[in-house]
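In order, the protein sequence lines correspond to chains V and H. First residue of the first sequence? That's 602 in this note's numbering, and the numbers climb one at a time after it. First residue of the second sequence? That's 602 in this note's numbering, and the numbers climb one at a time after it. Don't be surprised by glycine CBs; every beta carbon is placed ideally from N, CA and C. Here is the structure we will look at.
Protein chains: 2
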Amino acid sequence: MSLPLSLHLSVDCVVFGYDDDGLKVLLINQKTSAKDDDNQPMSQLPGDLILLDEGLDQAAQRVLHELTQIRGVFLKQFMAFGDPNRVKDLKDRAWLQSVRNLPDQRVVTVGYYGLVSLQDFDPRPASFAGGVNWVELADVGALAFDHNLILAQAFGTLKEQLESQHISFELLPKKFTLTQLQALYEIVLDKKLDKRNFRKNVKKMTHVVPLDEKQTGVMHKPAQLFSYEPGKS
Amino acid sequence: MSLPLSLHLSVDCVVFGYDDDGLKVLLINQKTSAKDDDNQPMSQLPGDLILLDEGLDQAAQRVLHELTQIRGVFLKQFMAFGDPNRVKDLKDRAWLQSVRNLPDQRVVTVGYYGLVSLQDFDPRPASFAGGVNWVELADVGALAFDHNLILAQAFGTLKEQLESQHISFELLPKKFTLTQLQALYEIVLDKKLDKRNFRKNVKKMTHVVPLDEKQTGVMHKPAQLFSYEPGKS
DNA sequence: TTGTGTATGTGTAATTTATACACTTACCTT
DNA sequence: AAGGTAAGTGTATAAATTACACATACACAA
Chain V
602 MSLPLSLHLS VDCVVFGYDD DGLKVLLINQ KTSAKDDDNQ PMSQLPGDLI LLDEGLDQAA
662 QRVLHELTQI RGVFLKQFMA FGDPNRVKDL KDRAWLQSVR NLPDQRVVTV GYYGLVSLQD
722 FDPRPASFAG GVNWVELADV GALAFDHNLI LAQAFGTLKE QLESQHISFE LLPKKFTLTQ
782 LQALYEIVLD KKLDKRNFRK NVKKMTHVVP LDEKQTGVMH KPAQLFSYEP GKS
Chain H
602 MSLPLSLHLS VDCVVFGYDD DGLKVLLINQ KTSAKDDDNQ PMSQLPGDLI LLDEGLDQAA
662 QRVLHELTQI RGVFLKQFMA FGDPNRVKDL KDRAWLQSVR NLPDQRVVTV GYYGLVSLQD
722 FDPRPASFAG GVNWVELADV GALAFDHNLI LAQAFGTLKE QLESQHISFE LLPKKFTLTQ
782 LQALYEIVLD KKLDKRNFRK NVKKMTHVVP LDEKQTGVMH KPAQLFSYEP GKS
């Protein structure tokens, strides 16, 4: 029988980014301290311990900003991960020992998913982080800790919530075409949609409003631009 | 600037129970130590700190069993609550001081919602708990900590997930009538449903199977009994 | 035994929503 | 001026949802 002791709590952010060639996720490379170069650095989701006096949502925003310099992103909590052994794997021990005061401490993490338009956000690694990359979802390899699981769950949540919540717009630039919106839906839901029917549905969404502006510089009929106005009805 | 320190993690269980006269939630009374009887005991959701070597789901099951003696309940995580001040309220301090080693420690909690049939489960307070009650949802008063918020969120999640997941059946006795099932839907979704249309929909659910058995002892045409078979198709 | 009260159980027509499908338009390039 | 490219648009069919009313089986009381 063990006692209820203190433990560490972290947030991990699964930030999806979208541009015309697909859906990506934001990963960072663990920065290994200079001396031990035997272990190759692993990729992981941006995440870190929460501070003692900050709320969870606040922690997610702060951590994401500190690690990737992006700010003001839509972030939503989706699940807590508390397997007692989630940070006990051999592959993760070296890195933990290099960055944590109490590397053996149990860590429970709260998962957030976030959405950004690749065109509007430009992540840069923080000075103390190893690197920041947008990785095509299909190309994501083995991540540190249970981050593959967290990513999978986040993607599942995104699929479920894409339609009910108004979150697709977070992934698009402020001005977008209906073709872009449709392509996003097709990628996330993983099925082809009919153009005419899709546009019929969008016309019912009163918060998607046409702008007095068209696409320029394309070698075809320029598309109407739209924007998302959360205020509208 | 504060440091990332250790904190306490708990689980809180919002257990909904259903019988023919409505939807209820399981609350426990805080047991005040004999000496200080100045504060009236508050009601709260069953919840407690997790142990160092147990997972979250496991902790939820254990805590619920320890506090209410019920076991084998459907429990699903729905959200983590981490406001830094969620256990700092004056009304809650006396009780915390009487039961915790570190009453000032920050506590983040992971919320679970659960569903039971009032007829199949009979909660009893654990020796060290103050009392266990089923309380009609509308009659729930002020609870300890942020438990009113947690309850509200849990109920919202229940509403959302009632139809997509197969969770309505958890709230019913093993053998139930379609009228019971419909009444449950009407209470949770808070709208009246058409009997014939409802039954048409149920007939499409292959995992709801009619039994060779009818209601007895009712002073009207006895209803066909059904049961839920998760295995089926 | 007969009548009354009560909740069960059942079908169809009307409406709404979802699906399938093809050609003309506007701009860019050569 | 011609050809390439993606944008933009309507209609007919199928599927799903809604609205709605009466005969049935049991318990109880007279």
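Between the alpha carbons of residue i and residue j, how many angstroms are there, rounded?
| i | j | result |
| --- | --- | --- |
| V:Phe827 | V:Leu750 | 35 Å |
| V:Gly731 | V:Gln670 | 13 Å |
| H:Ala661 | V:Lys760 | 27 Å |
| H:Gln631 | H:Ile788 | 29 Å |
| H:His666 | V:Asp791 | 42 Å |
| H:Ser644 | V:Gln720 | 51 Å |
| H:Gln659 | V:Ser607 | 18 Å |
| H:Gln783 | H:Leu794 | 7 Å |
| V:Leu650 | V:Gln816 | 44 Å |
| V:Pro811 | H:Phe675 | 47 Å |
| V:Lys805 | V:Pro831 | 14 Å |
| V:Ser603 | H:Leu657 | With a pLDDT of only 49 at V:Ser603, under the threshold of 50, the placement of this residue in the model should not be trusted; the figure read from the coordinates follows. Those two C-alpha atoms are separated by around 15 Å. |
| H:Asn798 | H:Ala824 | 17 Å |
| V:Gln698 | H:Val615 | 38 Å |
| H:Arg800 | H:Ile768 | 17 Å |
| H:Gly623 | H:Leu652 | 35 Å |
| V:Asp705 | V:Thr758 | 30 Å |
| H:Asp813 | H:Arg725 | 34 Å |
| H:Gln781 | H:Tyr619 | 10 Å |
| V:Asp613 | V:Glu764 | 24 Å |
| V:Leu752 | H:Lys796 | 42 Å |
| V:Pro685 | H:Glu655 | 6 Å |
| H:Asp740 | V:Asn802 | 42 Å |
| H:Ile629 | H:Pro647 | 6 Å |
| H:Thr778 | H:Gly673 | 23 Å |
| V:Val664 | H:Gly683 | 16 Å |
| V:Leu703 | V:Pro642 | 20 Å |
| H:Val700 | V:Gln762 | 40 Å |
| V:Phe722 | V:Tyr829 | 17 Å |
| H:Ser718 | V:Gln766 | 32 Å |
| V:Val733 | H:Val733 | 51 Å |
| V:Asp621 | H:Asp621 | 54 Å |
Per DSSP, which one or two residues make a beta bridge with residue i?
| i | result |
| --- | --- |
| H:Val581 | The structure shown does not extend to residue 581 of chain H, since chain H is modelled only from 602 to 834, so the question has no answer here. |
| V:Phe682 | V:Thr710 |
| H:Lys792 | DSSP, once it has assigned bridges, lists no residue as partnering H:Lys792. |
| V:Tyr619 | V:Leu624, V:Ser718 |
| V:Leu676 | V:Gly715 |
| V:Lys815 | V:Gln825 |
| H:Gly648 | H:Asp613 |
| V:Asn734 | V:Leu628 |
| V:Leu691 | Per DSSP, none; premise fails for V:Leu691. |
| V:Phe777 | V:Phe827 |
| V:Leu744 | V:Ser644 |
| V:Leu608 | H:Leu608 |
Less than 8 Å between the CB atoms is what I'm expecting for residue i and residue j, so what's the real figure, rounded?
| i | j | result |
| --- | --- | --- |
| V:Lys833 | V:His808 | 4 Å |
| V:Leu668 | V:Trp735 | About 14 Å separates the two Cβ atoms, so there is no contact after all. |
| V:Val708 | V:Val688 | 5 Å |
| V:Lys625 | V:Glu737 | 6 Å |
| V:Leu716 | V:Phe617 | 5 Å |
| H:Ala727 | V:Gln678 | Contact doesn't hold; Cβ gap of about 31 Å is too wide. |
| V:Tyr786 | V:Ala755 | V:Tyr786 to V:Ala755, Cβ: 18 Å. No contact. |
The segment 605-620 of chain H: which residues have C-beta closer than 8 Å to a C-beta of chain V, in chain order?
-> Pro605, Leu606, Ser607, Leu608, His609, Leu610
Counting pairs of beta carbons, one from the segment 816-823 of chain V and one from the segment 609-625 of chain H, are three or more of them closer than 8 Å?
-> no
Would the segment 735-751 of chain H and the segment 687-700 of chain H be scored as touching if the rule is three or more Cβ pairs under 8 Å?
-> yes
Can you list, in chain order, the residues of the segment 663-690 of chain H whose Cβ is nearer than 7 Å to any Cβ on chain V?
-> Gln678, Met680, Ala681, Gly683, Asp684, Pro685
Contact residues within the segment 649-661 of chain H, judged by C-beta distance below 7 Å to chain V = Leu650, Ile651, Leu652, Leu653, Asp654, Glu655, Gly656, Leu657
Pull out every residue of the segment 704-728 of chain H whose Cβ sits closer than 8 Å to any Cβ of chain V, in chain order.
-> Gln706, Arg707, Val709, Val711
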